[in-house]
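For the record, in the sequence shown the residue sitting at position 194 is 194 according to the UniProt record's numbering, with numbers rising by one throughout. Yeah, the Cβ is synthetic: ideal placement off N, Cα and C, and Gly gets one too.
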Amino acid sequence: MDNKKFFDAMEQDILTANIPEQEKRKLIKNFLHLKKQKINLMITGATGSGKSSTINALFDMEVAKVGVGVDPETMEIAKYELDNLVLWDSPGLGDGKEADNKHAKNIIKKLNERDHNGNLLIDLVLVILDGSTRDLGTSYELINSVIIPNLGEDKQNRILVAINQADVAMKGRYWNYEENIPEEPLKKFLEEKVISVQKRIKEGTGIDVTPIYYSAGFKEEGEEQCRPYNLSKLLYYIIKATPKEKRLSFVENINKDANMWKDNDDLKDYRKGILESFGETVRDCAANGADIGGEIGSIFGSAGKIAGRVVGGVVGGVVGAAKSIGNLIFGSSSYSGGGCYITTAVCEEDNKPDTCYELTQFRKFRDEWLIFQPGGKELIQQYYRTAPKIVEKINMQNNRSEIYANLNKEYLSKCLKYIEHQEYQACKELYSDMMYYLYEESTRW
Ligand SMILES: Nc1nc2c(ncn2[C@@H]2O[C@H](COP(=O)(O)OP(=O)(O)OP(=O)(O)O)[C@@H](O)[C@H]2O)c(=O)[nH]1
Ligand SMILES: [Mg+2]
1 MDNKKFFDAM EQDILTANIP EQEKRKLIKN FLHLKKQKIN LMITGATGSG
51 KSSTINALFD MEVAKVGVGV DPETMEIAKY ELDNLVLWDS PGLGDGKEAD
101 NKHAKNIIKK LNERDHNGNL LIDLVLVILD GSTRDLGTSY ELINSVIIPN
151 LGEDKQNRIL VAINQADVAM KGRYWNYEEN IPEEPLKKFL EEKVISVQKR
201 IKEGTGIDVT PIYYSAGFKE EGEEQCRPYN LSKLLYYIIK ATPKEKRLSF
251 VENINKDANM WKDNDDLKDY RKGILESFGE TVRDCAANGA DIGGEIGSIF
301 GSAGKIAGRV VGGVVGGVVG AAKSIGNLIF GSSSYSGGGC YITTAVCEED
351 NKPDTCYELT QFRKFRDEWL IFQPGGKELI QQYYRTAPKI VEKINMQNNR
401 SEIYANLNKE YLSKCLKYIE HQEYQACKEL YSDMMYYLYE ESTRW
């Protein structure tokens, strides 16, 4: 499968959309721009740190056009071209003085290379550290003396540091093999490692990076495949650090094996974050400047479905859920008026009138605060696309009263308190959490 499928669907969606010609032209123009975007990701780190394992875990390597190509000028840096996603697998330091000098030179040259528009070619550098080794000296050397000084102006946003092999960081001790997660002592050990790496980089360069730890998973001869840990987290950080207009280049290349994405530290819902990042690109880049309001969801119906199917592995969906996932990314139906669907439904369940205190407060929050916040309008539009369907689904459940009571208890009453205390941001966050929770639930109903 190649990237064209997703972009083809997007193009087809625009061409068949029922919108004025003028807006259609704007969408096509934006779309052609997006389709051209390439993301260049450099993956580097000491020999054996797990660069190849990480690439194979994250991406669907079978879509590689011509397998491995070697750039004749740099010799040592392998280039994998997966449609619009270009990976540069580059040896780090630690191979002896002579080899190290050559590697450093190659990396510096690549980091300073410009594309035909005159922009720096490499969008992002992912440095992989081997979490099972005590001696990270060469890795600090690589980060502090080779990479960071050559990252141009936007240093902080062009480097990610990831500590791999979390499972064997304490020689395999305190790794829960059954659940594929670290136990407390190992977690503590890894967290300390994160802090010490962060400190060493800050001291050496003044740059703040927040390393994460993960395990790429691996397969030994004759053994079962070990599942990765925190791979969704790693992908989330990579996508977040990718310029918005380039993010769609990942869509078709993400590993489709759901098992790879399952186990994470769950400090944040990374899978939701990944979906939202794609949605942001479509809303902000594809629809940029076109006056289509809440129509975007209905326009990108089939592209949404394809994206849903492709990222289904990451979000743990099966093919049947593809449509719903797609809907979550792109929205599904059009803007439909000024209701406060969920709150209204909860109030109706309690026999409260449309003019009740709660509804009035929520409407005020929406119309007098939320709409003026960055991204607020989009959030509201997105809400109008998803909420009516969710309410419809809840109403079909036998335990609808229980569902509404629970929503009120866990979310709405707390949101109302926030509004009363003028803690609007907190209200917005909790309300968004509720919407996401409902969306996840509703795919099971
Ligand atoms: N236990 C464990 N082993 C890993 C992990 N990631 C990689 N490995 C193992 O580490 C070894 C090196 O992994 P590679 O992915 O080949 O590392 P690399 O950085 O590409 O190595 P070079 O290309 O030789 O520089 C392999 O035996 C992998 O199976 C991990 O998360 N946990
Ligand atoms: Mg390798």
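For residue i, the three-state DSSP class (helix, strand or coil)
i, result
"A307", "helix"
"D350", "coil"
"R271", "helix"
"S249", "helix"
"W261", "helix"
"S139", "helix"
"D284", "helix"
"D266", "coil"
"I14", "helix"
"F278", "helix"
"D8", "helix"
"A345", "helix"
Start and end residues, alpha helix (DSSP H) containing residue i
i, result
"A57", "51 to 58"
"D391", "Sequence inspection shows Val at residue 391; the Asp mentioned does not correspond to that position. It spans 376 to 395 - the alpha helix (DSSP H) in which V391 sits, taken as one unbroken run."
"E81", "Here E81 belongs to no alpha helix (DSSP H); instead the beta strand (DSSP E) covers 78 to 82."
"D367", "357 to 368"
"D433", "424 to 444"
"residue 447", "Residue 447 lies beyond the residue range present for the chain, which begins at 1 and ends at 445; the question has no answer from this structure."
"L87", "Not the alpha helix (DSSP H): L87 falls in the beta strand (DSSP E), residues 85 to 91."
"N406", "400 to 407"
"I419", "413 to 420"
Range covered by the beta strand (DSSP E) that runs through residue i
i, result
"G45", "39 to 45"
"N106", "That residue, N106, is in no beta strand (DSSP E); its alpha helix (DSSP H) goes 97 to 112."
CB-CB length for residue i against residue j, believed under 8 Å
i, j, result
"I306", "A9", "5 Å"
"M396", "Y411", "Contact doesn't hold; Cβ gap of about 21 Å is too wide."
"W261", "G204", "With 8 Å as the limit, W261 and G204 do not qualify as a contact, their Cβ atoms being about 33 Å apart."
"S249", "Q382", "Contact flag wrong, Cβ pair sits at about 23 Å."
"D60", "I254", "7 Å"
"N240", "I207", "Asn is not the amino acid found at residue 240; the sequence shown has Lys there. With 8 Å as the limit, K240 and I207 do not qualify as a contact, their Cβ atoms being about 17 Å apart."
"D83", "E245", "Between E245 and D83 the Cβ distance is about 16 Å, and since that is not below 8 Å, they are no contact."
"W369", "Y424", "5 Å"
"A303", "D13", "5 Å"
"residue 486", "L129", "Here the chain comprises residues numbered 1 to 445, so residue 486 is not present and cannot be evaluated."
"T138", "G94", "4 Å"
Test: residue i CB closer than 9 Å to a CB of chain B
i, result
"K244", "Of the protein chains in the structure, only one exists, and it is not chain B."
(request) List in chain order: all unbroken alpha helix (DSSP H) runs of 4+ residues lying wholly within the region 196 to 242. (result) 231 to 241
(request) Give a yes or no on contact between the region 149 to 169 and the region 209 to 220, applying the rule of three or more CB pairs nearer than 8 Å. (result) yes
(request) Mind the definition here: the region 148 to 157 touches the region 223 to 232 only if three or more C-beta pairs lie below 8 Å; say whether that holds. (result) no
(request) Report yes or no: do three or more beta-carbon pairs, one from the region 385 to 403 and one from the region 423 to 441, lie closer than 8 Å? (result) yes
(message) For the pair the region 411 to 431 and the region 360 to 378, tell me if three or more CB-CB distances fall below 8 Å.
(response) yes
(request) List in chain order: all unbroken alpha helix (DSSP H) runs of 4+ residues lying wholly within the region 118 to 193. (result) 137 to 141
(request) Could you tell me whether the region 12 to 20 touches the region 265 to 278, using the rule of 3 or more Cβ pairs below 8 Å? (result) no
(message) Does the structure place the region 25 to 33 close enough to the region 278 to 287 that three or more beta carbon pairs sit under 8 Å?
(response) yes
(request) Flag this pair as touching only if the region 121 to 137 and the region 174 to 183 have three or more C-beta atom pairs under 8 Å; answer yes or no. (result) no
(message) Could you check whether the region 38 to 50 touches the region 80 to 100, counting it as contact only if at least three pairs of C-beta atoms, one from each stretch, sit closer than 8 Å?
(response) yes
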